[in-house]
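Peer 1:
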Amino acid sequence: PLRRLLSNAMALGLGRLAFAFYVLHFIVIRYVEITPLARLAADDSTRWMLVPLLFVLSLLGAFAVHHGFERRIEPRLRAWFMPKPYAVS
736 PLRRLLSNAM ALGLGRLAFA FYVLHFIVIR YVEITPLARL AADDSTRWML VPLLFVLSLL
796 GAFAVHHGFE RRIEPRLRAW FMPKPYAVS
């Protein structure tokens with residue numbers, strides 16, 4: 736059952752976004768701290784809204800970075816780092 740759960744399309748897609756999410760979520764949190772959205776964290780009645788907002792912003796950013804950068808650069812990096820086959824004559 737766990738294998739089936741982790742091999743569905745949504746789980747695989749989120750796994751592909753994981754690195755970009757990891758890199759971006761600190762940036763998003765720091766950015767929100769210097770914007771007017773930081774007032775949400777200061778008020779106890781609205782603080783609960785900040786966590787889902789930061790999650791969604793980080794996820795959207797990870798999606799954009801993954802599709803706009805990672806997927807385009809990956810084939811080039813693979814070709815660059817893979818050992819070249821030796822020519823046999």
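Using the numbering used here, the first residue of the sequence shown is number 736, and each one after it goes up by one.
Glycine residues also receive a C-beta, built at the ideal position from the N, C-alpha and C atoms.
Residues in the same chain with beta-carbon distance under 8 Å from L752, minus the five sequence neighbours each way, listed in chain order, please.
Peer 2: Taking the sequence shown and counting its residues from 1, one reaches residue 752 at position 17. Excluding residues within five positions, the ones whose Cβ falls inside 8 Å are L794, A797, F798, H801.
Peer 1: Could you give the residue range of the alpha helix (DSSP H) that holds A822?
Peer 2: Walking along the sequence shown from the start, residue 822 turns up at place 87. Here A822 belongs to no alpha helix (DSSP H), and DSSP marks it neither H nor E.
Peer 1: Could you tell me the distance, in whole angstroms, from the CA atom of W783 to the CA atom of L792?
Peer 2: The residue you call residue 783 lines up with position 48 of the sequence shown. The residue you call residue 792 lines up with position 57 of the sequence shown. Using only the alpha carbons, I get a separation of about 15 Å.
Peer 1: What first and last residue would you give for the alpha helix (DSSP H) that runs through S793?
Peer 2: Counting from one through the sequence shown, the residue named residue 793 turns up at place 58. Counting along the chain, the alpha helix (DSSP H) containing S793 begins and ends at 782 to 800.
Peer 1: DSSP state of P818, grouped into three classes?
Peer 2: Position 83 of the sequence shown holds residue 818. The answer is coil: DSSP assigns P818 none of H, G, I, E or B.
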